[in-house]
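Q: If you're matching them up, the sequences are chains G, C, W, Z and H in order. According to full-length UniProt numbering, the stretch in the first sequence is residues 1 to 518, in order. According to full-length UniProt numbering, the stretch in the second sequence is residues 1 to 348, in order. According to full-length UniProt numbering, the stretch in the third sequence is residues 1 to 100, in order. According to full-length UniProt numbering, the stretch in the fourth sequence is residues 1 to 509, in order. According to full-length UniProt numbering, the stretch in the fifth sequence is residues 1 to 137, in order. Dropping a structure here in structure tokens format, bear with me for questions.
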Amino acid sequence: MVQLPTWAALAPALALGVTALALLLIDSVDPDTTNTGLLGGVSVAGSLVSLAFAVWFIFGGTGIPQSEGGQGVATLFNGQLVVDQMALFFMIIVASVTALVTLASTDYVREHAYQAEFYALVLLSASGMAILSAANSLATAFVAFELVSLPSYALVAILKDNRGSVEAGLKYFLIGAVSSAVFAYGISLVYAATGVLRFDAIAAAIDSGTVQTVADGSIQAQSAQVPASILGVGILMVLGGIAFKMAAVPFHFWAPEAYEGSPAPVAAFLSSASKAAGFVLAFRAFAVAFPVGALTASGDVISWFVVFQILAIVTMFVGNFAAATQEKVKRMMAYSSVGHAGYVLIGLAALSASGDGMAFSMSAGMAHLLVYGFMNTGAFLFIALAEYWGVGRRFEDYNGLGRQAPLACAAMTIFLFSLAGLPIGGGFFSKFYLFSATLNVGAWTLAASLVINSALSLFYYSRVVKAMWVEEPTGERSIDSYPTGLYTAIVAAAVVTVLLIPGFGTVSDLAMRAAELL
Amino acid sequence: MQSAPLPETLAELLGLDPNNTLVMIVMSLIGAALIGSLMMTNTALAGPWAKRKITAAFTDRIAVNRIGPFGLGTIPADAVRLLSKELIVPEGVDRPAWDLAPLIIASTALLGFAVIPMGSGLHLADPEVGLAYVFATASMASIGLIMAGYASNNKYSFLGGLRAVAQNIAYEIPLILTGASVVIFAGSLQMSEIVAAQTQPLIGPLPSWYAFVNPFAFVLFMIANLAEVGRNPFDIPEAPTEIVAGYQTEYSSVYFVLIYLGEFIHIFLGGAIIATIFLGGPAGPGPASLGFIWFMVKIWGVFLFTQWARSAIPRVRIDQLIEIGWKGMLVLSLANLLLTAVIVGVIA
Amino acid sequence: MIPAQWYLLLSAAVFCIGLFGILTRRNALVFLMSVELMLNAANINFVAFSLQHGNLTGQVFSLFTMALAAAEVAVGVGIILVLYRNFTDVDVTKATTMRW
Amino acid sequence: MWIAALLAVTLLGSVGVMLTPDRYAGKVAAAVSAVPALASVYMYYVFLTQNGGAGNALLSPEGIAFGQQVPWIDLAGYSISYYVGLDGVSMPLLTLTTVLTSLAIVSAWTPISERQSQFYGLMLLMEVSLIGVFAALDFFLWFVFWEGVLIPMYFLIGVWGGPRRKYAAIKFFVYTNVASLVMFAGLFALVFNTDLTSLALPAMAEAFRNASGLPEFAGIGLATISFVLMFVGFAVKVPVFPLHTWLPDAHVEAPTPVSVMLAGVLLKMGTYALLRFNFTMLAETARALAVPLAIVGVVSVIYGAMLALAQRDLKRIVAYSSISSMGYVILGLVAFTPHGMGGATFQMVAHGLISGLMFMTVGVIYNTTHTRMVGDMSGLADRMPWTVGIFVAAAFGYMGLPLMAGFAGEFLIFQGAFDAATLGSAAPLLTSLAMFGIVIVAGYLLWAMQRTLFGGFHLETDYEVGPAAFHDVAPLAVLLLLVIALGVAPDLSYDMIQHAIAPLTGGGA
Amino acid sequence: MSNPWIAIGALAVVGLAIPVSMMTVSSLIRPRVPEQGKTATYESGEVPTGSSQEIKFNIQYYMVALLFVVFDIETVLIFPWTVIYRDAVGAVGMSKILLPMVAFIGVLVVGLGWAWRNGAVRWVRSPRATKGADTYE
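Encoded structure:
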């Protein structure tokens, strides 16, 4: 394999960013007419290029030490960014979700006035996610975090003559702004305590208990002591800021509103890719920067995995029970995505006080995020299709849809059952993976709530299936057009979801390796 | 010519300990009073007298020649006249914003002179971030303008305030970017450093003033500065033929005086900035003690330029203003920045 | 030199003022300003401890924070603008019609 | 390789059928399903003649015929592989599945009139999962198929079922899924407490049978807890009293071909899983718990029969009676004697054929008369002689008439249960109680036949009731022939079954 | 070198003192002749109609302001670069210090170009001027 310059390791992120700029340029050339095919094509191509790069690198061995025949971790800008297996893993998730969403959008926003802006914002946000997955410092993390958030605010509110969309955008923006402020303040406290922002340096500070400083790339210890209390508060606030991105309790309030109000492809994008971005930051920060072992060793600093356990359980129950009581499909999906955030939180919760089992549980969470990326995106894209057809938003509006659009409904059935954890899609395996991760450290409560919530989720997911296939169509609904882009995206997602049953071995291996190398 | 700042010089003159904070505070106050009154004198000279003379000369008239020699008596006369006028508070004005606006306009402009090296040791303070500071103070005036425009409860004032802000912000960025291109040469934001960097000769007798080194930036800066101080062709915020007097329509008596003074101090501040970062500050032939004279010459030169523009160039429309600012000046100043960087990179 | 905890107290106070504003005010613009306060509280910490620790990391980060705050304002004002156009009000509690 | 081919052909077939227009779907589906059916019959022949699998697939690896293993996933330290194979227990059940599916598809031509391609596609999809369930030798593979059965079944009942189909479908779905979760929990409680590295069933069996030092909760060993959990999980499928309540609804609401599959094969999944997991992997615990299990079995025998006695709906009668028949299987299994277990396994096959036959016949009658109520009709014999004849034969088979498959199965079970060491002194009592069940069955079947088939014809219809179409009767005939064949020559499958369960009972065949 | 901000603070004091003193002087010597009509806001002699608070002004002012917020902040990020540029050229070479800024400004220019082309800085976009597609009002 050819030896590329180090900065080329960022190619997946760069591809997305460059595509966004290219879209703006295309729009600048002729702002008055919009060529949907061109814009959509460019966006899909860009995200596919990024996906190709990520896949090439991850199998080319980027992030695996030379000793094991890999290319070694690509460290950029004095370790502000690192491209390792985990970063690439999440870049793959982001890129594939972006590809699906942009492909589906070609039909969804066809009549829309601001198409170039739409695609550009999606890709900007995606590039932010890609950078976030490589961020190795609270500084880059914060910048990337905002690069993810700001476009998504605009995306949610992009239907500017639609009260629902605007209201969703407002709520998303307000809560997002507050959480980013909390995040920034938490970072400032961590900096106050440790004197550094780079994850490894923070870890060094926590280990040695003394303030560190980073001089031309090397970490040097200072004399001053790390004030544990400030550090603890800082960590909690950082966690709060991240919890917003993952839509985890107690920062989940925006999720139902934002997902319901925003255009369905945007909801798909946010609930899949944005969540993944939040989690990659959480994984890296809490695995590298705040090693639970050292923290608990250093006395009165909170051992955060307990917090995560509580968060995980509460999030699971809140999300699933709320979802079970919904009357609108999109809102149900929104709450279910909150519940899934709870599942993935197990990845950070299922470890022992000394931090054992971290790699195992984290890889489980990563695997679930990947599978979830496809099945959840697919489900939301199906909702986008329903909106495209003008089908209502309630369960009973979906009645008998299976007769008019059997293919799409079959795909939706796959998504929902896979989300519920039936072995018809990869969701079954990833849930089992999480399950065994919990049992691995004997976290019975987590295991129990995982099983209970999966059983519960089957109930409300099957409501949609029932409506689509079993119920008789109520009222007259005429479905005249079968949009190609949306169909392609949905079918592609469904195929991948099913193929993840035989292919789950690869995924779990990648995730495991990535988590171990971290 | 790295001269010690004014307060320390004073302290040494009076034989006091320059490390004693109290002493320094007192000395600083004295120095500040000195600088302040100096500027007030300048503006008092410029506002009621020089401005009219110049305009009259342009329009081939005779102006202010009644009171005193060359009509210089007009200055105190006008001061008394304006101060003793009744202060009319229109109904519905938003106090205290309405009262604060003139104060802000007047005093922020004065603040900028703190870091300007005027030669002959007349250099109040020399912080490392001098240039950033002076830009900051210079742009604070627009807050006063929008306050005045908004608080007056008058449609002309409101439009004037909005125009003023739109114009200031449109030309702020070219201004600052062009200043940044100078910083690339000087490699420092400290005023004394920037001045010092312009001392060595460029070609023959010509000193390496940045106006000569980078005339392109100089022209850009002059234009942007015109817009900043709101003189023709950029005087639309108070375009008398369109919106009476813009944001100052409703002000009378002392408030009017303050706004008027503020504008002129602002003009001189702009001149001071130009003189410092483009014209070598107080540098000039003769002993360094003459520096102040040269400095005065330079800022009065800039003042004359603005007055010439006021009389000679027609006013632009608001849309032209915005388009010149965003499509012309901004792009040019970005280009200038990169160009300068390349040049400096090559010669360095 | 002023001891660090004073800066901490100051920033905490500013942060809490911002938080209070968020919790009590209903005007979206005031909300925005409160968020700016919170961000600037973070900036206080950064600059103060950058001085304390003697490295520039904090100051650079505060620059980032400013830039991002500005971008946030740009987006936020845009959203508030369309909010006003749709609801003829900038009261965050007025927008409660979550239906299409 | 053979099994992979079966799965692949059927899966592709189902996709293809889903895409064919409704008019041809039925025929195409029948043609497609004929392929695995004939293939499996051939496999059965090969197995029988060359006796490829002498022994139990889980306990003695040489017992695996048509085996194939491909590494798949290495998950959480457990290696999962695509691992399939057959032995004397699964071979007959596999054949039963394929044959019964194709017959059911043929029998669906008349009743199923709308969304046909989807119906037949789902039938074939279900066949894929069923083949997988009986052939899989790796837990994960097995579980995938096990759950995979539910999804097509849910749609088949929910979409093409009777008036209360939605309720029935949801009930079935929830029951079986919760059951799966319970079983899953019970099993993995064991898995995580034994040092397993592979989830292949033989490895699990090996690990569980000589697992030692399992933790205890409240004095009860983990093995027992898991056994109970897994038993409950599987008993729902069987079904065993008191977990049977989903069955009558599902049977009554499901269209005839679906209830044929339900009674004929899906119930056997439960007993098959019981045999594979509880009685093979946890044999010791099973022996220890023999008496209560036997009581459960007997109770469902009597209870099912009693309920059947109380029904007026032919379909309900058959449904409840199948509950009681499955009770025999439980009884036979707990006996842990060659005859008992062998008979139980044989009974699975036999009952699969007979109950399928019964449902199919009832279905044919219903297609003509549009009623299943015993009271509504009488004297069908002279209007549709063939159907009635087969119905009578099938009923006698159900009652355990000699020379019919039912007889062999039940006789062997009683014989085995009577001298079952595991049941000790309770054996005679329980067995005789179970025998009493047969009397009840005979009672209600005879009564029902007498009311409906014989006597003067009476049925309010506005059309002429005539004999059923050939393609309705043909499957019945085929099934009846199979029943008789197994009854005349039980060794056709009893031998291989004995080979398979010999390692369990300790004694040879 | 004493802290320069003391002197700056001093100038701030003076800068406030001068106007305030002028106000006081004026308030001592100026007359007060309250009279109805004087206090009417000036509208070229016409009777004032309505208040200035509810007049609708061109949305362009918002657009320009938003653009300014973004670009002005970028200059904040440019300034540190300009300060160290000259030394950095010597230290790490020209391309390494110049190219990142070129990329940065390139992105800025793309954004500006987009805003330009989409009429964010074109003034005549008022609803009455262009009825239809994407007005900003």
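Even glycine gets a Cβ: it sits at the ideal position worked out from N, Cα and C. Note that the coordinates shown come from a computational prediction; the quantities given were computed from them, not determined experimentally.
(1) Please list the partners that Gly-187(C) has in chain H, where partner means a Cβ-to-Cβ separation under 9 Å.
(2) Can you find a CB in chain W that lies within less than 9 Å of the CB of Glu-472(G)?
(3) Counting only beta-carbon separations shorter than 9 Å, does Leu-348(G) have a partner in chain Z?
(4) Which residues, in chain order, does the segment 36 to 48 of chain W contribute to contact with chain G at a C-beta distance below 7 Å?
(5) For Tyr-62(H), go through chain W and note every residue whose CB falls closer than 8 Å to its CB, in chain order.
(6) Is it buried or exposed, Gln-190(C), if we count other Cβ atoms within 10 angstroms and call 16 or more buried?
(7) Note down, in chain order, each residue of its chain lying with its Cβ closer than 6 Å to the Cβ of Ser-325(Z), except the 5 sequence neighbours on either side.
(8) Let me know the secondary structure DSSP gives Trp-7(G) once reduced to three states.
(9) For Trp-109(Z), does the three-state DSSP call read helix, strand or coil?
(10) Hey, Leu-299(C) and Ala-166(C): beta-carbon distance below 9 Å or not?
(11) Whose Cβ in chain H lies nearer than 7 Å to the Cβ of Ile-176(C)?
(12) Looking at chain H, which residues of the segment 59 to 70 of chain W have a Cβ within less than 7 Å of any of its Cβ atoms?
(13) With 9 Å as the C-beta to C-beta threshold (strictly closer), list the residues of the segment 453 to 482 of chain G near chain Z in chain order.
(14) Taking the alpha-carbon positions, what's the Pro-48(H) to Arg-95(C) distance?
(15) May I ask you to report which of helix, strand or coil DSSP gives Pro-294(C)?
(16) Does Glu-93(W) come out as helix, strand or coil in the three-state DSSP assignment?
(17) Could you tell me whether the Cβ atoms of Leu-4(G) and Ala-11(G) are closer together than 9 Å?
(18) Can you confirm whether Gly-424(Z), when its beta carbon is compared against all beta carbons of chain G, has any partner nearer than 9 Å?
(19) Cα separation between Val-374(Z) and Gly-400(Z)?
(20) Drop a sphere of 10 angstroms on the beta-carbon of Met-1(Z), count the other beta-carbons inside from all chains shown, and report buried for 16 or more, exposed for fewer.
(21) Roughly how many whole angstroms lie between the Cα atoms of Leu-59(Z) and Asn-193(Z)?
(22) Could you check which residue in Ile-54(C), Ala-11(C), Pro-5(C), Pro-102(C) has the C-alpha nearest to that of Ala-309(C)?
(23) Leaving aside the five residues before and after Leu-124(C) along the sequence, list all residues of the same chain whose C-beta is less than 6 Å from its C-beta, in chain order.
(24) I need the straight-line Cα distance from Leu-202(C) to Ala-283(C), nearest angstrom please.
(25) So, are the CB atoms of Ala-408(G) and Leu-422(G) less than 9 Å apart?
(26) Quick one: Cα of Gly-132(H) to Cα of Pro-31(G), how far?
(27) Tell me which same chain residues have a C-beta within less than 7 Å of the C-beta of Leu-122(Z), skipping the five on either side of it?
(28) Compute the distance between the beta-carbons of Val-260(Z) and Leu-96(Z), then report whether it is under 9 Å.
(29) Applying the criterion that 16 or more other CB atoms from any shown protein chain within 10 Å of the CB defines a buried residue, is Arg-99(W) buried or exposed?
(30) Would you report the Cα separation of residue 350(C) and Glu-43(H), rounded to the nearest angstrom?
(31) Val-84(Z) lies in the beta strand (DSSP E); which residues open and close that run?
(32) Taking 9 Å as the threshold (beta carbon to beta carbon), is Val-498(G) in contact with chain Z?
(33) Using 8 Å as the threshold, is the segment 15 to 34 of chain W in touch with the segment 337 to 346 of chain C, meaning 3 or more CB pairs across them?
(34) Quick check on this structure: which residue in Leu-189(G), Val-338(G), Leu-446(G) has the alpha carbon closest to the alpha carbon of Ser-272(G)?
(35) Looking at the unbroken beta strand (DSSP E) that takes in Pro-71(Z), where does it start and where does it end?
(36) So which residues on chain H does Val-73(W) lean against when the C-beta distance must stay under 8 Å?
A: The structure says:
(1) Thr-82, Val-83, Ile-84, Tyr-85, Arg-86, Asp-87
(2) Judged by the 9 Å Cβ criterion, Glu-472(G) is not in contact with chain W.
(3) no
(4) Correct list: Met-38, Leu-39, Ala-41, Ala-42, Asn-45, Phe-46.
(5) Val-77, Leu-81
(6) buried
(7) His-351
(8) helix
(9) Here Trp-109(Z) sits in coil by DSSP.
(10) Strictly speaking, residue 299(C) in this sequence is Ile, with Leu absent from that position. No, the Cβ-Cβ distance between Ile-299(C) and Ala-166(C) is not below 9 Å.
(11) The answer, in chain order, is Thr-75.
(12) Listed by position, the residues of the segment 59 to 70 of chain W near chain H (Cβ gap below 7 Å) are Leu-63, Met-66, Ala-67, Ala-70.
(13) Ser-454, Ala-455, Leu-458, Phe-459, Ser-462, Val-465, Lys-466, Trp-469, Val-470, Glu-471
(14) 20 Å
(15) According to the sequence displayed, residue 294(C) carries Trp and not Pro. It is helical.
(16) The amino acid at residue 93(W) is misidentified as Glu; the sequence shows Thr. Thr-93(W) falls in the coil class under three-state DSSP.
(17) yes
(18) no
(19) 22 Å
(20) exposed
(21) Cα-Cα distance, rounded: 21 Å.
(22) Per the Cα distances, Ile-54(C).
(23) Leu-6, Gly-31, Ile-35, Ala-114
(24) 14 Å
(25) no
(26) Only weak support is given to the placement of Gly-132(H): the predicted model assigns it a pLDDT of 48, under 50, and the value that follows is read from those uncertain coordinates. Near 15 Å, if we compare the C-alpha coordinates of Pro-31(G) and Gly-132(H).
(27) Pro-152, Phe-155, Leu-156
(28) It is not a contact, given that the beta carbons lie outside the stated cut-off.
(29) With a pLDDT of 45 at Arg-99(W), under the threshold of 50, the modelled position of that residue is not reliable, and the figure given next carries that caveat. Arg-99(W) should be labelled exposed.
(30) Coverage of chain C is limited to positions 1 through 348, which leaves residue 350(C) absent and any answer about it impossible.
(31) 78 to 86
(32) Judged by the 9 Å Cβ criterion, Val-498(G) is not in contact with chain Z.
(33) Flag = no, the segment 15 to 34 of chain W and the segment 337 to 346 of chain C do not touch.
(34) Val-338(G)
(35) Here the beta strand (DSSP E) through Pro-71(Z) covers 65 to 75.
(36) Val-69
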